[in-house]
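Heads up, the sequence shown is in the numbering used here, so the first residue is 346 and it goes up one at a time. Ideal Cβ positions, reconstructed from N, Cα and C, are used throughout, including at glycine.
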Amino acid sequence: MAIKVDGRIVKFGVADEAAETKARAQTPAPDAPQGAAGQAQEARPTAHVIQMHEQLERPEQLAGSTYKIKTPLSDHALYVTINDIVLNPGTEHELRRPFEIFINSKNMEHFQWIVALTRIISAVFRKGGDVAFLVEELHSVFDPGGGYLKRGGRHVPSLVAEIGTVIEDHLIKIGLMTRERPDEGQQRHIDEIRRELGCEDGEFPADAVLCARCSTKAAIMLDGCMTCLNCGDSKCG
Numbered sequence: 346m347a348i349k350v351d352g353r354i355v356k357f358g359v360a361d362e363a364a365e366t367k368a369r370a371q372t373p374a375p376d377a378p379q380g381a382a383g384q385a386q387e388a389r390p391t392a393h394v395i396q397m398h399e400q401l402e403r404p405e406q407l408a409g410s411t412y413k414i415k416t417p418l419s420d421h422a423l424y425v426t427i428n429d430i431v432l433n434p435g436t437e438h439e440l441r442r443p444f445e446i447f448i449n450s451k452n453m454e455h456f457q458w459i460v461a462l463t464r465i466i467s468a469v470f471r472k473g474g475d476v477a478f479l480v481e482e483l484h485s486v487f488d489p490g491g492g493y494l495k496r497g498g499r500h501v502p503s504l505v506a507e508i509g510t511v512i513e514d515h516l517i518k519i520g521l522m523t524r525e526r527p528d529e530g531q532q533r534h535i536d537e538i539r540r541e542l543g544c545e546d547g548e549f550p551a552d553a554v555l556c557a558r559c560s561t562k563a564a565i566m567l568d569g570c571m572t573c574l575n576c577g578d579s580k581c582g
């Protein structure tokens, strides 16, 4: 390529191409990151992190857990299976996320709406993002018959709500949710009261009433306030 020289030439010499190539190699680029010794650091390739999305293909094999639901509404139990997919296995970005849910029972009475529910929940799982909102939505479904009491005095407003509790337990198990519990001091106080009342693990006084916060029949009058011996909720704060 021709170069136009407008000024006077005062000095010239024979260019050493090898020396210029070596000098350019030792000179860092202007925008290259500098290390402690002033040398340019090598650019690191960006890892391709896979996130949950609805186009993600189902692997041939998934790990999962099966939960049993036994209610006084039926002689037959329901078995809820939640399968998880492991994203980015073996890397620092490894994640375990729910992928699909199945519900099986000998009782075919609720077959249609259960199939519809599992397909919708599975579709929400595969969309990705925060799926914990499903728990609250299912817990807010109430049976016109008033629901039923589980062992330990916990009130369940509906079968759908209990399916929500199973999903909640599973999300807690894989680390997507945390269970709200009384703080350490409050828990010690609750344990002392239960020991004084002669309550064994998982049991509450026979005259306890339903707690509005945790839906467990564990609230008693304590020091002039209704206090729950399960979650620690108190009307006196």
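Between residue 441 and residue 431, the CB-CB gap stays under 8 Å. Here residue 479 is near residue 512, since their CB atoms are less than 8 Å apart.
Straight-line spacing of the CA atoms in residue 485 and residue 434 works out to 36 Å. Between residue 576 and residue 527, the C-beta spacing is below 8 Å. Look at the beta carbons and you see the segment 484–498 not touching the segment 448–462: under three pairs across the two are nearer than 8 Å. For residue 470, the uninterrupted alpha helix (DSSP H) run begins and ends at 456–472, by DSSP. DSSP places residue 564 inside the beta strand (DSSP E), whose first and last residues are 562–567. In the DSSP annotation of this structure, the continuous segment of the alpha helix (DSSP H) that includes residue 513 starts and ends at 504–518.
Here residue 509 has 480, 483, 484 as same chain residues with Cβ atoms under 6 Å from its own Cβ, once five neighbours each way along the sequence are excluded.
Between residue 399 and residue 464 a beta carbon distance of about 13 Å is seen, past the 8 Å cut, so the two are scored as non-contacting. Taking every protein chain shown into account, the CB of residue 429 has 16 or more other CB atoms within 10 angstroms, so this residue is buried. By the neighbour-count criterion, in which a residue is buried when 16 or more other Cβ atoms sit within 10 angstroms of its Cβ, residue 404 is exposed. For residue 395, there is no enclosing beta strand (DSSP E), as DSSP marks it with neither H nor E. Within the same chain, and ignoring the five residues on either side of residue 569 in sequence, the residues whose Cβ sits closer than 8 Å to its Cβ are 581. Of the candidates 547, 573, 551, 549, the residue whose Cα lies closest to the Cα of residue 559 is 573. Less than 8 Å separates the beta-carbon of residue 427 from that of residue 410. In this structure, the CA atom of residue 444 is about 6 Å from the CA atom of residue 467. Within the same chain, and ignoring the five residues on either side of residue 414 in sequence, the residues whose Cβ sits closer than 8 Å to its Cβ are 422, 423, 424, 425, 504, 507, 508, 511. Taken through DSSP and simplified to helix, strand or coil, residue 499 comes out as strand. Residue 460 is classed as exposed because its beta carbon has fewer than 16 other beta carbons within 10 Å across all chains shown. For residue 445, the enclosing beta strand (DSSP E) begins and ends at 440–450.
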